[in-house]
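Each residue of the sequence shown is one higher than the last, beginning at -18 in my numbering. Cβ atoms here follow ideal geometry from the backbone N, Cα and C, with glycine treated the same way. A quick write-up on the structure given underneath.
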Amino acid sequence: MKEKIIASFSGGKDSTYMLHKLLQENKYEIVSLLTTVTTKDETSGHMVDYKLIESQAAAIGLPLYKIQYPLYDGKGFEKGMIEAMEHFRKEGVTKIAFGDLFLEECIAYKQHLVESNGYELILPLAGIDTKQLVMEFIELGYKGKIVSIRMDKLDSSFLGRDLDKSFIEALPEDTDPCGEFGEYHTFVYDGPIFSHPIYIELEDERQGIPSNALFSEIGYKRAVKREWIDR
-18 MKEKIIASFS
-8 GGKDSTYMLH
2 KLLQENKYEI
12 VSLLTTVTTK
22 DETSGHMVDY
32 KLIESQAAAI
42 GLPLYKIQYP
52 LYDGKGFEKG
62 MIEAMEHFRK
72 EGVTKIAFGD
82 LFLEECIAYK
92 QHLVESNGYE
102 LILPLAGIDT
112 KQLVMEFIEL
122 GYKGKIVSIR
132 MDKLDSSFLG
142 RDLDKSFIEA
152 LPEDTDPCGE
162 FGEYHTFVYD
172 GPIFSHPIYI
182 ELEDERQGIP
192 SNALFSEIGY
202 KRAVKREWID
212 R
């Protein structure tokens, strides 16, 4: 019998590739995806409409559990995560997977939160070279759109582009290929683990401040989703 786990899912490339690897390895039974959203029903990191994440989960064929809290409310995030872990513990789950790559502070924070509540942290992507990871992701046939950028790192021309080799090659030298310092975020709309593509329109740009304290003085431009259609 396979061990049961839950997996954090933002709808972006890292969490999608993490899920790809988990499904490919077939070591665990993935009981549910978890996603965190604001009180506006947008994902807390990428600012994507929750309905689109629901669409992704349906296309992947996995249940979706929503953790909702006010934007920038760290305590709200922790409370929601603890409640989720307690909820799934009743189903025999004691492990949770995240798509973190190498940011030690983020990993240490999640490890403390998870382990202090009796869970084990699983990091399928940890330690993989970021250029290698994103190129593998693209070569596997995954398709994504750039939905958020750090304005101090990338100009507006990068927003709304396809996540492909030409996009990676166009990134400035001081930009991590996977955008691990928040340089860009993605929404994945098709790929091997999807039963069908998610059709979206990129509506407009809006400017905001990211939740990461490291970037507290830096604005973002975000592409807002206007429509979602399952076909």
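Rounded C-beta distance between residue i and residue j? I'm assuming under 8 Å.
| i | j | result |
| --- | --- | --- |
| residue 153 | residue 111 | With a Cβ gap of about 15 Å, residue 153 and residue 111 do not count as contacting. |
| residue -1 | residue 80 | 4 Å |
| residue 106 | residue 91 | Residue 106 to residue 91, Cβ: 13 Å. No contact. |
| residue 69 | residue 13 | 7 Å |
Would you give the residue range spanned by the beta strand (DSSP E) that residue i belongs to?
| i | result |
| --- | --- |
| residue 55 | Residue 55 -> not in any beta strand (DSSP E); alpha helix (DSSP H) instead, spanning 55 to 70. |
| residue 131 | 124 to 131 |
| residue 46 | 45 to 49 |
Mapping DSSP to helix, strand and coil, what is residue i?
| i | result |
| --- | --- |
| residue 1 | helix |
| residue 177 | coil |
| residue 211 | The pLDDT assigned to residue 211 is 47, lower than 50, so where the model puts this residue is not dependable, and the model offers no usable value. |
| residue 182 | strand |
| residue 118 | helix |
| residue -4 | helix |
| residue 25 | coil |
| residue 94 | helix |
| residue 199 | Low local confidence applies: a pLDDT of 39 at residue 199 is under 50, so the model's placement there is unreliable, with the coordinate-based value given in what follows. In this structure, residue 199 counts as coil in the three-state DSSP scheme. |
| residue 168 | strand |
| residue 85 | helix |
| residue 6 | helix |
Considering only the alpha carbon of each residue, which of the options lies closest to residue i?
| i | options | result |
| --- | --- | --- |
| residue 143 | -1, 156, 165 and 107 | 165 |
| residue -18 | 11, 37, 1 and 62 | 11 |
| residue 38 | 150, 7, 140 and -8 | -8 |
| residue 7 | 136, -10, 18 and -14 | -14 |
| residue 73 | 60, 24, 58 and -16 | -16 |
| residue 95 | 67, 127, 178 and 151 | 67 |
| residue 26 | 45, 5, 50 and 36 | 50 |
Does the distance from the C-beta atom of residue i to that of residue j stay below 8 Å?
| i | j | result |
| --- | --- | --- |
| residue -3 | residue 123 | yes |
| residue 216 | residue 168 | Here the chain comprises residues numbered -18 to 212, so residue 216 is not present and cannot be evaluated. |
| residue 214 | residue 160 | Nothing can be reported for residue 214: it is not among the residues displayed for the chain, which extend from -18 to 212. |
| residue 47 | residue 18 | yes |
| residue 138 | residue 28 | no |
| residue 34 | residue 24 | yes |
| residue 100 | residue 126 | no |
Return the first residue and the last residue of the alpha helix (DSSP H) that residue i is part of.
| i | result |
| --- | --- |
| residue 148 | 146 to 151 |
| residue 109 | That residue, residue 109, is in no alpha helix (DSSP H); it is neither H nor E in DSSP. |
| residue 36 | 31 to 41 |
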